[in-house]
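Heads up, the numbering used here is the position in the sequence shown plus 547, with the first residue counted as 1. Note that CB positions come from ideal geometry on N, CA and C, so glycine has one too. Quick caveat: nothing in here was measured; it's all calculated off a predicted structure. Contents: one structure, followed by commentary.
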Amino acid sequence: MVFAVVAILPIGILFFVSGFIVNLIQVVLFIFVRPVSKNVFRRINKIVSELLLLELIWLVDWWGNLKIELYADDDALELMGQEHALVICNHRSDIDWLVGLTIAQRTGCLGSTLALIKKEARFLPIIGWSMWFSGYVFLERNWAKDEETLKSGFKQLEDFPMPFWLALFVEGTRFTQEKLQVAQEFASSRGLPIPRNVLIPRTKGFVAAVTHLRSFVPVIYDCTVAVPKAHPAPTLLRIFARKSSVIKFQIKRHSMEELPATTDGIAQWCKEVFVNKDAMLDVYNAKNIFGEEKLQDNGCYIMVNPPPLRYCQVIPMLVYPGLMGSYFIFCRSIGPCNDCYAYSHPIIRVRTFYASIQVSMFRRTKGETSSSMKCREKACYLLLRVGNNVAS
Numbered sequence: 548m549v550f551a552v553v554a555i556l557p558i559g560i561l562f563f564v565s566g567f568i569v570n571l572i573q574v575v576l577f578i579f580v581r582p583v584s585k586n587v588f589r590r591i592n593k594i595v596s597e598l599l600l601l602e603l604i605w606l607v608d609w610w611g612n613l614k615i616e617l618y619a620d621d622d623a624l625e626l627m628g629q630e631h632a633l634v635i636c637n638h639r640s641d642i643d644w645l646v647g648l649t650i651a652q653r654t655g656c657l658g659s660t661l662a663l664i665k666k667e668a669r670f671l672p673i674i675g676w677s678m679w680f681s682g683y684v685f686l687e688r689n690w691a692k693d694e695e696t697l698k699s700g701f702k703q704l705e706d707f708p709m710p711f712w713l714a715l716f717v718e719g720t721r722f723t724q725e726k727l728q729v730a731q732e733f734a735s736s737r738g739l740p741i742p743r744n745v746l747i748p749r750t751k752g753f754v755a756a757v758t759h760l761r762s763f764v765p766v767i768y769d770c771t772v773a774v775p776k777a778h779p780a781p782t783l784l785r786i787f788a789r790k791s792s793v794i795k796f797q798i799k800r801h802s803m804e805e806l807p808a809t810t811d812g813i814a815q816w817c818k819e820v821f822v823n824k825d826a827m828l829d830v831y832n833a834k835n836i837f838g839e840e841k842l843q844d845n846g847c848y849i850m851v852n853p854p855p856l857r858y859c860q861v862i863p864m865l866v867y868p869g870l871m872g873s874y875f876i877f878c879r880s881i882g883p884c885n886d887c888y889a890y891s892h893p894i895i896r897v898r899t900f901y902a903s904i905q906v907s908m909f910r911r912t913k914g915e916t917s918s919s920m921k922c923r924e925k926a927c928y929l930l931l932r933v934g935n936n937v938a939s
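Spelled out as structure tokens, the structure:
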């Protein structure tokens with residue numbers, strides 16, 4: 548773990564310096580653009596905030612060698628990134644949010660992923676400030692105050708100009724054996740099913756979210772996180788130490804129309820989802836079968852060793868995400884290229900770009916013509932070559 552401590556300092560300095568620049572850009576946009584057009588501000592802020600968040604993706608996906616096994620139906624996977632979604636998930640570790648951001652990046656929703664989080668987070672330097680500019684909903688865990696905060700936050704999303712994910716950890720806290728014991732005692736006293744792998748969901752926030760969002764958010768993504776027994780639980784410290792881990796991540800897509808109309812019915816639906824989640828994790832722990840969904844190729848490739856720290860300078864760290872932001876502006880009209888975007892790590896991959904390109908990088912998207920694919924391919928190659936030149 549000594550290596551982790553040594554690595555934290557230079558990476559942390561890079562993150563804070565580049566993040567401070569991102570925050571300054573967000574301040575300027577908030578003062579001069581948002582009063583004129585809130586949606587224009589949101590669109591630009593999406594690209595700007597991604598410059599910061601991509602550094603976290605780099606940390607998880609490349610430096611930390613975290614392998615994410617994504618399980619989802621083909622139809623659900625195809626729709627991700629094209630629709631508003633309320634996302635619920637069990638809370639297993641201190642990097643669950645980073646795993647969620649990595650999945651969001653693969654679908655093109657990284658800069659438009661929001662969450663309901665405790666209010667203290669907005670005071671975190673750099674990342675907390677960026678969350679505030681992006682429209683995260685900050686809660687005090689006091690329902691008398693949070694009820695109005697939720698209503699106001701949900702109201703702001705009605706005219707959101709891009710597909711967004713709104714994440715909610717309905718358990719309210721991270722899973723530990725001590726908290727599980729408390730949950731089991733509570734369930735026993737109330738005659739509820741005894742949980743074994745999850746905590747009992749707190750449904751007030753979920754009910755409020757469904758009640759206010761169902762008119763314009765069509766789906767709920769029910770996510771389940773599990774760590775294989777043969778692998779240690781991932782932590783931030785292990786990621787900094789470059790000790791690889793494996794996480795299984797399942798996504799089930801539910802239409803909002805499936806949910807009951809009453810508040811009690813919505814709360815019961817949420818509880819049943821977690822009962823089913825608990826049962827599925829029982830089966831996984833006993834038989835190593837992680838649900839019925841298909842294991843997908845989510846673009847998470849384990850790359851060669853990262854470049855020496857002398858290459859991890861602030862300018863390349865900012866230039867490369869900027870290039871990928873240019874990719875969005877230049878190529879989105881032609882067609883999405885998530886395979887290319889999967890390589891959009893903010894610290895330049897010195898001497899590894901062309902090896903990366905060889906990994907089936909440009910797959911034709913559904914309904915795409917060969918001419919548009921060739922145009923997009925040339926643009927992607929151009930951006931990657933410029934990035935390689937900047938790094939070297």
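Hey, would you say residue 652 sits closer than 9 Å to residue 598, going by beta carbons? If you number the sequence shown from 1, residue 652 lands on position 105. If you number the sequence shown from 1, residue 598 lands on position 51. Going by C-beta atoms, residue 652 is not nearer than 9 Å to residue 598.
Three or more C-beta pairs under 8 Å: does that hold for the region 785-793 against the region 729-748? The region 785-793 and the region 729-748 do not touch, with fewer than 3 CB-CB distances between them shorter than 8 Å.
Could you give the distance in angstroms between the alpha-carbon of residue 914 and the alpha-carbon of residue 844? In the sequence shown, the residue the question calls residue 914 occupies position 367. In the sequence shown, the residue the question calls residue 844 occupies position 297. Any reading at residue 914 must be qualified, since the residue scores a pLDDT of 46, below 50, and its modelled position is unreliable; no value is offered.
On the three-state DSSP scale, how would you describe residue 721? Counted from its first residue, the sequence shown places residue 721 at position 174. Residue state, collapsed to three classes: coil.
Using 8 Å for Cβ pairs, my map puts residue 662 next to residue 768. What's the rounded Cβ distance? Stepping through the sequence shown from its first residue, residue 662 is reached at position 115. Stepping through the sequence shown from its first residue, residue 768 is reached at position 221. Cβ atoms of residue 662 and residue 768 stay farther apart than 8 Å, at about 13 Å.
Let's test the definition: count the other Cβ atoms within 10 Å of the Cβ of residue 559 and tell me whether it reaches 16, buried, or not, exposed. The count along the sequence shown starts at 1 and reaches residue 559 at position 12. Burial is judged here by how many other beta carbons sit within 10 angstroms of a residue's own beta carbon; residue 559 has fewer than 16 and is exposed.
Identify the residues that DSSP records as bridge partners of residue 787: which are they? The count along the sequence shown starts at 1 and reaches residue 787 at position 240. In the DSSP assignment, no residue is bridged to residue 787.
Tell me, to the nearest whole angstrom, how far the beta carbon of residue 755 is from that of residue 718; I am working on the premise that it is less than 8 Å. Sequence index remark: in the sequence shown, residue 755 carries index 208 (1-based). Sequence index remark: in the sequence shown, residue 718 carries index 171 (1-based). Between residue 718 and residue 755 the Cβ distance is about 16 Å, and since that is not below 8 Å, they are no contact.
Looking at the unbroken beta strand (DSSP E) that takes in residue 636, where does it start and where does it end? As a first step, residue 636 must be located in the sequence shown, where it is residue number 89. Counting along the chain, the unbroken beta strand (DSSP E) around residue 636 starts and ends at 632-636.
Buried or exposed: residue 812, going by 16 or more other Cβ atoms within 10 Å of its Cβ? The residue given as residue 812 occupies position 265 in the sequence shown. Around the beta carbon of residue 812, fewer than 16 other beta carbons lie within 10 angstroms, which makes this residue exposed.
Considering only the beta carbon of each residue, do residue 616 and residue 799 sit closer than 9 Å? Numbered from 1 along the sequence shown, position 69 holds the residue referred to as residue 616. Numbered from 1 along the sequence shown, position 252 holds the residue referred to as residue 799. No, the Cβ-Cβ distance between residue 616 and residue 799 is not below 9 Å.
Can you tell me the Cα-Cα spacing of residue 742 and residue 831, whole angstroms? Against the sequence shown, residue 742 aligns to sequence position 195. Against the sequence shown, residue 831 aligns to sequence position 284. CA-to-CA, the gap between residue 742 and residue 831 works out to about 15 Å.
Cβ-based neighbour list, residue 748, same chain, cut-off 7 Å, excluding 5 preceding and 5 following: Translated into the one-based positions of the sequence shown, residue 748 becomes position 201. Short of 7 Å from the beta carbon of residue 748, and not among the five residues preceding or following it, lie these beta carbons of its own chain, in chain order: 717, 718, 817, 818 and 821.
Just to confirm, are residue 785 and residue 611 a CB contact at a threshold of 9 Å? Stepping through the sequence shown from its first residue, residue 785 is reached at position 238. Stepping through the sequence shown from its first residue, residue 611 is reached at position 64. Yes. Within cutoff.
If we call anything under 9 Å between Cβ atoms a contact, is residue 645 one with residue 603? Here residue 645 refers to the residue found at position 98 of the sequence shown. Here residue 603 refers to the residue found at position 56 of the sequence shown. Contact: yes.
Residue from 814, 567 and 828 with nearest C-alpha to residue 797: Numbered from 1 along the sequence shown, position 250 holds the residue referred to as residue 797. Of 814, 567 and 828, the residue nearest in Cα terms is 828.
Whether residue 764 touches residue 704 by CB criterion (9 Å): Reading the sequence shown from its first residue, position 217 is the one you call residue 764. Reading the sequence shown from its first residue, position 157 is the one you call residue 704. Cβ distance < 9 Å, so residue 764 and residue 704 count as in contact.
Looking at C-beta atoms only, is the number of pairs between the region 675-682 and the region 622-632 that lie closer than 8 Å three or more? Because the criterion of three Cβ pairs below 8 Å is not met, the region 675-682 and the region 622-632 do not touch.
What does the alpha-carbon distance come out to for the pair residue 620 and residue 721? The residue labelled residue 620 in the question sits at position 73 within the sequence shown. The residue labelled residue 721 in the question sits at position 174 within the sequence shown. Taking the CA atoms as reference points, residue 620 sits about 27 Å from residue 721.
For residue 866, which of helix, strand or coil comes out of DSSP? Here residue 866 corresponds to residue number 319 of the sequence shown, with the count starting at 1. Bear in mind that a pLDDT of 49 at residue 866, under 50, signals an unreliable position, so the number given afterwards is only what the model happens to contain. Here residue 866 sits in helix by DSSP.
According to DSSP, is residue 498 part of a helix, a strand, or is it coil? Residue 498 cannot be examined here, being either before or after the span of the chain that is shown, 548 to 939.
Distance, Cα to Cα, residue 770 vs residue 838? For this step, residue 770 is matched to residue 223 along the sequence shown. For this step, residue 838 is matched to residue 291 along the sequence shown. The straight-line gap from Cα to Cα measures roughly 12 Å.
From what residue to what residue does the beta strand (DSSP E) around residue 677 run? Taking the sequence shown and counting its residues from 1, the one referred to as residue 677 is at position 130. Counting along the chain, residue 677 sits inside no beta strand (DSSP E); it lies in the alpha helix (DSSP H) bounded by residues 674-681.
To the nearest angstrom, how far is it from the Cα of residue 657 to the Cα of residue 591? Looking up residue 657 in the sequence shown gives position 110. Looking up residue 591 in the sequence shown gives position 44. Looking at the two C-alpha atoms, the distance is approximately 13 Å.
Please return the same chain residues whose Cβ sits closer than 7 Å to the Cβ of residue 824, not counting the five positions on each side in sequence. Here residue 824 refers to the residue found at position 277 when the sequence shown is read from its first residue. If you ignore the 5 residues before and after residue 824, its C-beta comes within less than 7 Å of the C-beta of 637, 745 and 771, all in its own chain and listed in chain order.
By Cβ distance, which residues of its chain are closer than 7 Å to residue 570, with the 5 residues on each side in sequence left out? Taking the sequence shown and counting its residues from 1, one reaches residue 570 at position 23. Taking residue 570 as the centre and dropping the five residues before and after it, the same chain places the C-beta of 673, 676 and 677 closer than 7 Å to its C-beta, in chain order.
Under the three-state DSSP convention, the category residue 557 falls into: Residue mapping note: residue 557 aligns to position 10 of the sequence shown, counting from 1. Residue 557 falls in the helix class under three-state DSSP.
Simplified DSSP state of residue 811, which is helix, strand or coil: Translated into positions along the sequence shown, residue 811 becomes position 264. Three-state result, residue 811: helix.
Please report how far the alpha carbon of residue 808 lies from the alpha carbon of residue 698, in whole angstroms. Position 261 of the sequence shown, counted from the start, is the residue given in the question as residue 808. Position 151 of the sequence shown, counted from the start, is the residue given in the question as residue 698. Cα to Cα, the separation comes out at about 18 Å.
For residue 529, collect the residues of the same chain with a Cβ closer than 6 Å to its Cβ; drop the 5 residues on either side in sequence, then sort them by chain order. Any property of residue 529 remains undetermined from this structure, which presents the chain solely from 548 to 939.
Endpoints, beta strand (DSSP E) assigned at residue 797: Reading the sequence shown from its first residue, position 250 is the one you call residue 797. Note, residue 797: beta strand (DSSP E), 793-802.
Nearest to residue 609 by alpha carbon, out of 639, 649 and 779? Here residue 609 refers to the residue found at position 62 when the sequence shown is read from its first residue. Selected option, being the one with the closest Cα: 649.
Which two residues bound the contiguous beta strand (DSSP E) that contains residue 685? Position 138 of the sequence shown holds residue 685. It spans 684-686 - the beta strand (DSSP E) in which residue 685 sits, taken as one unbroken run.
For a test of your reading of the model: does the CB of residue 612 fall under 8 Å from any non-hydrogen atom of the ligand PLP? Yes or no. What this structure holds is no ligand at all, so the ligand PLP is not there to describe.
Based on DSSP bridge pairs, tell me the residues matched to residue 769. Reading the sequence shown from its first residue, position 222 is the one you call residue 769. For residue 769, which the question treats as bridged, DSSP gives the partners 635 and 799.
Of all the options 691, 618 and 573, which has the alpha carbon lying nearest to the alpha carbon of residue 752? As a working mapping, residue 752 is identified with position 205 in the sequence shown. Residue 691 holds the alpha-carbon nearest to the alpha-carbon of residue 752 among 691, 618 and 573.
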